[in-house]
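K.L.:
All letters in the sequence shown, in the order written, are residues 420 to 862 by my numbering. Each residue gets a CB set at the ideal place from its N, CA and C atoms; glycine is no exception.
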Amino acid sequence: MSTGNNFSNYPTNQSEPTVASLKQFLSEESLSRFRFAMFLFIFFAGFGLLFGDPANVGLYDPRWIRVTHVILILISLVLSFKLKSFKQYTDPVLLFHFAIMSVHSFYLLYANGLYLGYLFGLILVVFSTGVSINNRRVLIPVLLIFIAIAFFVGINVKNPRIEVGMYYFGLISSSVLSVLVIGFRMRTFETLLRADVQLEKFQANIEEELELAQSTQKSLVDLEFPESGNFRISSYFKPLESVGGDLIKTDMAKQGELDFFFADAAGHGISAAMVSSMAVMAFKMNAPIAESPAKGLTLIHESLMGMIGGFFITAVYMRLDREKRLLTYSYAGHHPAVIIRSDGSVKTLEGRGTVLLALPKLFNRDYTVELSPGDKVLLFSDGLFEFYGEDQEFFGYDSFVKLLQDHTSKSGHEFLESVGKSVLNLHRSHLKDDMTMLLLEVL
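1. With distance defined between alpha-carbon atoms, name the residue in N705, A734, S499 and E789 nearest to F855.
2. On a Cα-Cα basis, can you pick out the residue from F813, Y748 and L541 that is closest to R771?
3. From V557, A569, V765 and L790, pick the residue whose C-alpha is nearest to that of G742; which is it?
4. Measuring alpha carbon to alpha carbon, tell me which residue in F546, K703 and L835 is nearest Y736.
5. At what residues does the beta strand (DSSP E) containing A734 begin and finish?
6. How would you call S818, buried or exposed, if buried means at least 16 neighbouring beta carbons within 10 angstroms?
7. Looking at the secondary structure, which residues open and close the beta strand (DSSP E) in which S749 lies?
8. Grab me the residues of G802's own chain with a C-beta within less than 6 Å of its C-beta, minus the 5 sequence neighbours each way, in chain order.
9. Along the chain, where does the beta strand (DSSP E) that runs through E789 open and close?
10. How far does the alpha helix (DSSP H) with I494 in it reach, from first residue to last?
11. How should F588 be labelled, buried or exposed, when 16 other C-beta atoms within 10 angstroms of its C-beta is the threshold for buried?
12. Going by DSSP in three states, A692 sits in which element: helix, strand or coil?
13. For F680, which three-state DSSP category applies?
14. Smallest Cα separation from D794: which of R744, G532, E627 and G752?
15. Hey, is the region 548-567 in contact with the region 598-610, meaning 3+ C-beta pairs nearer than 8 Å?
16. Quick one: give me the first and last residue of the alpha helix (DSSP H) that M866 is part of.
17. What's the C-alpha gap between Y816 and Q617?
18. Under 8 Å Cβ to Cβ from V880, same chain only, skipping five residues before and after it: list those, please.
19. Taking the Cβ atom as the reference point for each residue, do S547 and A456 lie within a distance shorter than 8 Å?
20. Rounded to whole angstroms, what is the Cα-Cα separation between F505 and E609?
21. What's the call for L538, buried or exposed, on a 16-neighbour Cβ count within 10 Å?
22. Contact between the region 512-526 and the region 481-501 is defined here as three or more beta-carbon pairs at a separation below 8 Å; is this criterion met?
23. DSSP has R758 in a bridge; who is on the other side?
24. Based on Cα-Cα distance, which residue from S711, A682 and G465 lies nearest to Q674?
25. What I want to know is whether the C-beta of V842 ends up closer than 7 Å to one or more non-hydrogen atoms of the ligand SAH.
26. Taking the continuous beta strand (DSSP E) assigned at R651, which residues delimit it?
27. Considering only residues of the same chain and omitting the five flanking positions on each side of E833, which have a CB-CB separation below 7 Å?
28. To which residues of the same chain is L543 closer than 7 Å at the C-beta, ignoring the five residues directly before and after it?
29. Identify the continuous alpha helix (DSSP H) that holds L857 and give its terminal residues.
30. Just verifying my parser: in three-state terms, what is the DSSP assignment at Y807?
31. Taking all protein chains shown into account, decide if N649 is buried (16 or more other Cβ within 10 angstroms of its Cβ) or exposed.
32. Can you tell me whether D825 is buried or exposed? The criterion is at least 16 other CB atoms within 10 Å of its CB, across all chains shown.
33. If you draw a straight line from the C-alpha of R738 to the C-alpha of V796, how long is it?
34. Quick one: residues in its chain with C-beta nearer than 8 Å to the C-beta of V820, no 5 flanking neighbours on either side, listed in chain order?
35. Excluding the 5 residues preceding and the 5 following S397 in the sequence, name in chain order all residues of the same chain whose CB lies nearer than 7 Å to its CB.
36. Is DSSP giving S421 helix, strand or coil here?
What follows is the structure in structure tokens.
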């Protein structure tokens, strides 16, 4: 007899935008704050250019200095959009512009007797610099120099137009506020970065756990099957996530028949895989002593009932008598399996039964079907038909059975592969459930 397997390699999800790391986010946020400061500098430097010659209102303010400032700031802004490496230079470039703006402003304040408009502008420059810069160890010495110059100008200015105390208060308070803002912001960033490091460690541990879970998951779905005379057995498995809740297991029964346990634990991910692992152990323990598939399901149910809470499992238990070509099966809440006769007709295998772990007592029974050469029996999980197609209509069990009629001429691996591909092509969104199939063929 020949065996077959199919561990599907289709991508579970379509391409999605990559989520940037926290460090990348903070870098982008820093660049945005730099641009914000540059726009404020342009507003302050260019404001006077919009209202003619300041000399007309008795102010000394050379126009060429403001034009030069605006050009330099515009160059920095353009470079911030054009150069990918500009992020690492935002602080020194910002301090350069702050120094130029401060020198210019102090000169105008001195020449114009602490004119209030220039004071407001300088306060705006100081505050925007404190909000935008990242390094407080650099900002604090710069602001100390700034305040020293402010005192020098305040002491030496002649005929001030405002109270000198107001001038000192405005510049000192804006400097202190800038330091407080950057201190608070940097503490927040440092806390986020520490949390990000811890998160990276946690993710690394999760990835290790997932690798272990994946190896466990592969052991839950049989991809190779025991020799079965004139029968061929093939399987198909595509988990929704790295691990899932579907399982396929085979074992030798009490009288030498071949038992199949096809089950689907509710949910997805590691928790569903853990429940499936326990179900596999219960099956392996009880298959050699089960008198029939229905009895086997009852033994599995009783073995798990005291250990698992909050989960349920749908399953099909089949027993194949290879000599008589007789298939006995029992359902535990699972949808009907399908038999494809040698003439290409597709029919469902009747039966029903109670879901494992849903009720204290299991109510199910055995069903029997006689197989002939060329027949195929297909077991499949609900991930093959519980989804919405491109027309936004629910696909459903009956539609899946009709779809099988397009593939009845194929067999083994080719049959499972073509059915799986057809189902994937019908999806209008990402997969919502694991996709698992088991095919039993009479040769």
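P.N.:
According to the data block:
1. The sequence shown places Thr at residue 855, rather than the Phe named in the question. Here the closest residue by C-alpha is A734.
2. Y748
3. For clarity, residue 742 is Glu in the given sequence; the question names Gly instead. When only C-alpha atoms are compared, the closest one is L790.
4. K703
5. I732 to D740
6. exposed
7. L745 to A751
8. D852, D853 and M854
9. Y786 to E789
10. R482 to K501
11. exposed
12. helix
13. strand
14. R744
15. yes
16. Any property of residue 866 remains undetermined from this structure, which presents the chain solely from 420 to 862.
17. 45 Å
18. Absent from the model: residue 880. The displayed extent of the chain is 420 to 862, so no value can be given.
19. yes
20. 22 Å
21. buried
22. yes
23. Arg is not the amino acid found at residue 758; the sequence shown has Ile there. The partner list for I758 (beta bridge, DSSP) reads K766 and V796.
24. S711
25. Ligands in the displayed structure: none, and consequently the ligand SAH is not present.
26. F650 to K657
27. none
28. L459 and F463
29. No alpha helix (DSSP H) holds L857; the beta strand (DSSP E) holding it covers M854 to V861.
30. strand
31. exposed
32. exposed
33. 12 Å
34. V757, V765 and T767
35. It is not possible to answer for residue 397, since the shown part of the chain is limited to 420 through 862.
36. Bear in mind that the predicted position of S421 carries a pLDDT of just 40, short of 50, making it too unreliable to give a figure here.
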